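Trainee: Counting in our numbering, the sequence shown runs from 123 upward without gaps.
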Amino acid sequence: MISEQWVWQVLFAPLASFVIIGFIIKPWLGVLGRRRAGNDASAGRDPLARLASGMTIAAVGLAFVISLVALFDTIDGHGSIEYPVHDWLTVGGLNFTVGILMDPLTAIMLVVVTGVSLMVQIYSLGYMSAEDDGGYTRYFAYMSLFTASMVGMVLASNIVQLFAFWELVGLCSYLLIGFWFTRPSAAAAAKKAFIVTRVGDFGFLLAIMYLFYNNDAFAAQGLSSIDIRDIYTAVDDKVIVGGVVTWIAAGIFAGAVGKSGQFPLHTWLPDAMEGPTPVSALIHAATMVAAGVFLVARFFPLFEASQTMMTVVALVGGFTALFAASMGLVANDIKRVLAYSTISQLGYMMLALGTGAYAVAMFHLFTHAFFKALLFLGSGSVNHASGTFDMRYMGGLRKVMPITYATFLIGSISLAGILPSAGGWSKDEILTAAWLGGNTASAIGFWMAMIAASMTGFYIFRALFMTFEGEFKGGSDADPADALHGPVHLAESPTSMVLPLVILGVASLVIGFLVNPIIDLGIVPKHWFLHFLGEGPVRVEIHDFNVILAVGAMLTGVSGIVLAYLMYIKGTISPARVSEAVKPVHTLLLRKYYFDELYEDWFVRRFFYGGLAKWLDWADKTIIDNIVNKIGALGRNIGVVGRELQNGQLQEYGAAIFVGVLTIVGLYIWFL
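1) To the nearest angstrom, how far is the alpha carbon of LEU804 from that of HIS506?
2) Count the other CB atoms, across all protein chains shown, that sit within 10 Å of the CB of ARG305; report buried if there are 16 or more and exposed otherwise.
3) Suppose you measure from the CA of PRO226 to the CA of ALA555; what does that come to, to the nearest Å?
4) Note the first and the last residue of the continuous beta strand (DSSP E) segment covering THR212.
5) Distance check for GLU253 and ASP162, CA to CA, integer angstroms please.
6) With respect to the alpha helix (DSSP H) encompassing ASN505, which residues constitute its N-terminal and C-terminal limits?
7) Below 6 Å CB to CB, which residues in the same chain sit around ALA159 once its five sequence neighbours on both sides are set aside?
8) Under a three-way DSSP split, which group does PHE667 fall into?
9) Counting only the same chain and skipping the five closest in sequence on each side, list residues whose C-beta sits under 6 Å from that of GLY469.
10) Whose C-beta lies closer than 7 Å to the C-beta of THR389 among residues of the same chain, with five residues either side of it excluded?
11) Alpha helix (DSSP H) containing ILE244: first to last residue?
12) Would you decide whether PRO622 is buried or exposed? Buried here means 16 or more other CB atoms lie within 10 Å of its CB.
13) Quick check on the DSSP output: the alpha helix (DSSP H) that includes MET689 runs from which residue to which?
14) Can you give me the C-alpha to C-alpha distance between SER164 and PHE568, rounded to a whole angstrom?
15) Distance check for ILE691 and LYS381, CA to CA, integer angstroms please.
16) Taking the DSSP output, what are the residues bridged to THR219?
17) What's the gap between the Cα of SER266 and the Cα of SER189?
18) Can you tell me which of the three DSSP states ASN336 falls into?
19) With a 10 Å radius around its C-beta and 16 neighbouring C-beta atoms as the bar for buried, classify ASP742 as buried or exposed.
20) Put ILE203 into one of helix, strand or coil per three-state DSSP.
21) Locate the alpha helix (DSSP H) running through SER534, then write down its first and last residues.
22) If you draw a straight line from the C-alpha of ARG157 to the C-alpha of TRP150, how long is it?
23) Please work out which residues of its chain come closer than 6 Å, Cβ to Cβ, to TYR354, disregarding the five sequence neighbours upstream and downstream, and give them in chain order.
24) Would you mind reading off the limits of the alpha helix (DSSP H) that contains TYR424?
25) List, from N- to C-terminal side, the alpha helix (DSSP H) runs of 4 residues or more that fit wholly inside the stretch 384-463.
26) Cβ atoms of HIS486 and SER548: under 8 Å apart, would you say?
27) What number of angstroms, rounded off, separates the C-alpha of ILE566 from the C-alpha of PHE730?
28) Since LEU277 contacts LEU333 with CB under 8 Å, what's their CB separation in whole angstroms?
29) Does the structure place the stretch 334-342 close enough to the stretch 353-371 that three or more beta carbon pairs sit under 8 Å?
30) Just how far apart, CA to CA, sit MET795 and VAL366?
31) I'd like to know whether the C-beta atoms of GLY597 and GLY509 end up nearer to each other than 8 Å.
32) Would the stretch 267-275 count as touching the stretch 394-410 if we require 3 or more Cβ pairs under 8 Å?
33) Going by C-alpha to C-alpha distance, which of ASP168, PRO169, HIS665, VAL129 sits closest to PHE194?
34) Would you kindly work out how many angstroms separate the C-alpha atoms of ALA372 and ASP666, rounded to a whole number?
35) I'd like to know if the stretch 613-631 and the stretch 231-247 are in contact, where contact means that at least 3 CB-CB pairs between them fall below 8 Å.
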């Protein structure tokens, strides 16, 4: 069995990388840079900056290797490895501890986070090559911390420890989305992401406080209200029931909605594209947005005990899948198309969780991590050549970027849910679970997911055709608005960028069937992935492969692909005419259903600034200030009286003493 010390290294390796780069390498680089006045990028990358990138890759690589060992040991241990918890501090009746919860969910998430992060770090060597030494080292310091934060959240054995790393993940996303903070759009996007996700995090914090409030009920059974395994036990033993469970689950789900960009807290995610593309890949594939789905999965016994919350999760997930897919139909920025696809795919995962298909949701999260990282890194490769992210100024790149095209095609097929790609297997499992859910919420979710599947096929192949087919339309040279992204350089990306694409492309093609085959492969049993997750605290129901549903779902996706082909390759249907024919709908989708205007104009400016802030200002000036002023005036008046008594006249002092003595004597005689 892998020792506890080695498992901690999955966290401490990237964390140490952050500390060394951020507090040693970068400051020294600044000192040396000032000494070498006039040194520029043409002089080559500073050795210290190269050390920073190498250290990050080595740290994440070590974490990935240890994660694989931990996964195999967890498999050998039939789903669980027991590690001791360590006391941190005691407050009142609460004992705060730090520890590792190693179960199937943890083991799989560690491999996903560190594996995808490793590919992203290698890719970053080429993508960030034009960055100056200071920005280059800062980038790798932040990426190390980002990886460590997500790993810490996955490993956490109690909800307070998890919440600390949960907030650190949010901080890292703020730093990386706003990496180019001198750009107003990047700074605004970072603030938007931080503030919107805080709304959901407030609900998560309330859930933790409610657990604290119920600590006596836990303690009476010898349990801790913050230990995750004890929370599972409390649910099983009915220590917390009914409304208590529902409200705790609701708070946790609020946090998940914010982090995973689910409706109605979805508005930050498309704007998060302002960060470097490898950051977008890591956020969308394995860290920030995956954290919300992981959170619901981690506390799934709480949700399972509340039918109300299961219904809410299913309906929110199904609606978000459809809602986000509709906005992806008209987006012109390739990264925004992928951002909407992420929101939509996370909606699929939430739908699966809401229908009780816990293991299926995690299966889709697993496959999604690979093909979504592939697609985002592919978009970065395209940007590296064309200098823009606007697909209207791309086209014809298949001829000059054959590897990027082939891997992007694989990612697109997987996202569209076409078998035998990885995404095809996991999406079919979700649709099967929703179809067999046996309740109204599952049925509604199923049909919303089916419509979203057709939209998915259309928007991702629309992106593929606009980017790679036809003739090149000039890139950033023809699009002055995208001049910040770089010059036109029509050639395949360097090896450091292409290698991760190939690895992720192979994974996106075969890994779904390899880890969860529909037949016994000998070394890999039938439905191994689902059975493995079933060895954890959640009972997993496994359905046989449904050929009719699979074919129906695939044909639904293919219908969208065919429509995109007719519009953007054959020209049988004119996109411009379609847009004009449904102009109000097209405008509605292009303006993202006006949610930005709703939140900024109504909630922020009118409700908070115009209403709540003005009322609080009035209350502060009228009530609080008056109370303070009255107290001050009282003190001043007392001082005036006291000053009159201290006037320096000895005869008055003597008279006061005489009166005081008479008063004391009189009181003594009266009460004697």
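Yeah, the Cβ is synthetic: ideal placement off N, Cα and C, and Gly gets one too. Remember, predicted model here, so these are calculated numbers, not experimental data.
Mentor: In short, the structure shows the following:
1) A query on residue 804 cannot be resolved here, the shown segment of the chain reaching from 123 to 794 and no further.
2) exposed
3) 21 Å
4) 208-213
5) The pLDDT assigned to ASP162 is 48, lower than 50, so where the model puts this residue is not dependable, and the model offers no usable value.
6) 480-508
7) Residue placement at ALA159 is poorly supported in this model, since its pLDDT is 42, which falls under 50; the coordinates still yield a value, given next. The answer is none, since no qualifying residue turns up.
8) coil
9) GLY439, THR442, ALA443
10) VAL318, PHE717, ASP718, TYR721
11) 226-249
12) buried
13) Here MET689 belongs to no alpha helix (DSSP H), and DSSP marks it neither H nor E.
14) The predicted model places SER164 with a pLDDT of 42, which falls under 50 and marks its position as unreliable, so this point remains unresolved.
15) 37 Å
16) ASP209
17) 16 Å
18) coil
19) exposed
20) strand
21) 524-537
22) Unreliable positioning characterises ARG157 in this predicted model, as indicated by a pLDDT of 46, which lies under 50. The coordinate reading is nonetheless provided below. If I take the Cα positions, the gap works out to 11 Å.
23) PRO423, PRO659
24) Before going further, note that residue 424 is Leu rather than Tyr in the sequence given. Note, LEU424: alpha helix (DSSP H), 422-426.
25) 390-393, 399-407, 410-420, 422-426, 429-450
26) yes
27) 35 Å
28) No, LEU277 and LEU333 are not in contact; Cβ-Cβ is about 20 Å, not under 8 Å.
29) yes
30) The structure shown does not extend to residue 795, since the chain is modelled only from 123 to 794, so the question has no answer here.
31) yes
32) yes
33) VAL129
34) 32 Å
35) yes
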